[in-house]
Amino acid sequence: MSEPLFAKIALVGIGLIGSSLARVIRREKLAGELVVSTRRPETLARAAELGLGDRYTADAAEAVADADLVVVSVPVGASGDVAATIGPALKPGAIVTDAGSTKGSVIAQMQPHMPAGVHFIPGHPIAGTEHSGPDAGFAELFAGRWCILTPLAGTDAAALDRLTRFWQRCGSTVETMDPQHHDMVLAIVSHLPHIIAYNIVGTADDLEAVTKSEVIKYSASGFRDFTRLAASDPTMWRDVCLHNREAILEMLARFSEDLSSLQRAIRWGDGDKLFDLFARTRAVRRSIIEAGQEIDAPDFGRLARAERS
Ligand code: NAP
76 MSEPLFAKIA LVGIGLIGSS LARVIRREKL AGELVVSTRR PETLARAAEL
126 GLGDRYTADA AEAVADADLV VVSVPVGASG DVAATIGPAL KPGAIVTDAG
176 STKGSVIAQM QPHMPAGVHF IPGHPIAGTE HSGPDAGFAE LFAGRWCILT
226 PLAGTDAAAL DRLTRFWQRC GSTVETMDPQ HHDMVLAIVS HLPHIIAYNI
276 VGTADDLEAV TKSEVIKYSA SGFRDFTRLA ASDPTMWRDV CLHNREAILE
326 MLARFSEDLS SLQRAIRWGD GDKLFDLFAR TRAVRRSIIE AGQEIDAPDF
376 GRLARAERS
């Protein structure tokens with residue numbers, strides 16, 4: 076049997092991302108030993124019931140001692156505190172990465188706590204669902220998805236190569252990117268859609284009670300697809316908004332301008348303008364399906380994925 080990729084892996088945070096990693100690490104035998112750490116005793120107990128690791132501890136510093144790979148999967152606003160806790164316990168040569176949805180802020184919070192000789196390589200798997208907690212994870216979450224690594228200047232090439240191989244074994248295709256560029260790209264492809272969804276569902280929720288019941292009744296006509304995004308974890312998304320502020324505000328400003336232009340086209344009955352935009356956006360969806368990032372089914376393949384999880 077081949078050697079595991081890492082003798083010891085420590086997962087700090089065992090929600091959707093951490094527990095999906097735990098499951099794929101076990102399936103692919105990527106760790107000699109897998110240690111699981113999380114903040115609340117009830118989450119730790121649930122991770123143990125699910126058999127996600129070999130060892131469990133609420134003490135993140137104890138979890139990372141002697142670990143060759145540490146993956147931090149907590150809300151981005153908690154990254155600094157976690158880094159301060161684990162920093163002194165990290166062994167020289169260890170690779171530390173994270174799964175946070177924003178990169179500039181996570182780097183600013185974590186890097187100061189990383190001792191010399193530790194390879195800190197921030198990352199972001201572009202894979203997720205609207206569910207959270209250890210029960211929500213599944214081993215196939217990262218299969219066929221991108222994982223973006225944002226290595227800092229002077230990153231050790233061998234460490235980067237090892238972390239790349241780790242994510243590849245989890246099923247992902249790895250791309251490296253500058254952290255600021257990552258934050259700008261993710262603001263438009265992920266953060267803005269979630270904010271728009273939260274906003275439209277919030278607007279509907281503010282409507283008069285009688286209309287509200289009709290919103291639920293007739294939701295399949297469009298509203299329903301927004302509710303999936305708007306059901307995402309409030310803590311995670313509060314932190315994303317607070318920690319990718321500049322890029323999100325930039326994209327929101329562009330969005331508002333374009334929305335005003337659309338509003339004007341509707342007001343003035345400019346059908347050509349509406350048709351051109353809708354035709355252009357339909358082509359975008361086709362390219363996403365062609366790129367294998369979605370399937371052309373009415374439920375977007377989500378039923379099949381939910382049954383697997
Ligand atoms: P999750 O399911 O809500 O799990 C969060 C984990 O972080 C839990 O183990 C939780 O521990 C712990 N945690 C929460 N608050 C904490 C704090 N203040 N200090 C220390 N630990 C804390 O979240 P997730 O979906 O796995 O997301 C984890 C990270 O991955 C986030 O940074 C998110 O931006 C990123 N990400 C998420 C997705 C997605 O679709 N969900 C996709 C890509 C990347 P307790 O339960 O013990 O409190």
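If you want our numbering, it's the position in the sequence shown, counting the first as 1, plus 75. C-beta: ideal position from N, C-alpha, C; glycine also.
- Listed in chain order, the non-local C-beta contacts of Ala106 below 6 Å within the same chain comprise Pro79, Phe81, Ile84, Ile100, local neighbours out to five positions each way being set aside.
- The segment 130–138 makes no contact with the segment 223–240: fewer than 3 CB pairs, one atom from each, lie closer than 8 Å.
- Within the chosen limit of 6 Å, ligand 1 reaches the beta carbon of Gly88 through at least one heavy atom.
- Under the three-state reduction of DSSP output, Ser247 falls in the coil class, being neither helix nor strand.
- Pro200 is the residue among Glu205, Ser335, Pro200 whose C-alpha sits nearest the C-alpha of Glu250.
- Residues of the same chain with a CB within less than 8 Å of the CB of Arg121, apart from the 5 flanking positions on each side, are Gly208, Pro209, Asp210 in chain order.
- Between ligand 1 and the CB of Ala153, the shortest heavy atom gap is smaller than 6 Å.
- When secondary structure is reduced to three states using DSSP, Leu109 falls in the strand class.
- Under the three-state reduction of DSSP, Ala85 is assigned to strand.
- Scanning its chain for C-beta atoms nearer than 7 Å, with the 5 sequence neighbours on each side dropped, one finds around Gly155 the residues Gln184, Met185, in chain order.
- Taking all protein chains in view, the Cβ of Phe301 is crowded by 16 or more other Cβ atoms within 10 Å, so the residue is classified as buried.
- A direct Cα-to-Cα measurement between Gly297 and Ala272 gives close to 11 Å.
- With respect to the 7 Å criterion, Ile170 and Leu144 are classified as neighbours on the basis of their beta carbons.
- For the pair Ala142 and Ala322, the Cα-to-Cα distance works out to about 34 Å.
- Here the segment 252–270 does not lie against the segment 112–128, with fewer than 3 beta-carbon pairs under 8 Å apart.
- The shortest CA-to-CA distance from Pro116 to any of Asp173, Val110, Tyr131, Phe353 is the one to Tyr131.
- Assigned with DSSP and collapsed to three states, Asp281 falls in coil, not helix or strand.
- Using a Cβ distance threshold of 7 Å, Cys245 and Phe213 do not count as a contacting pair.
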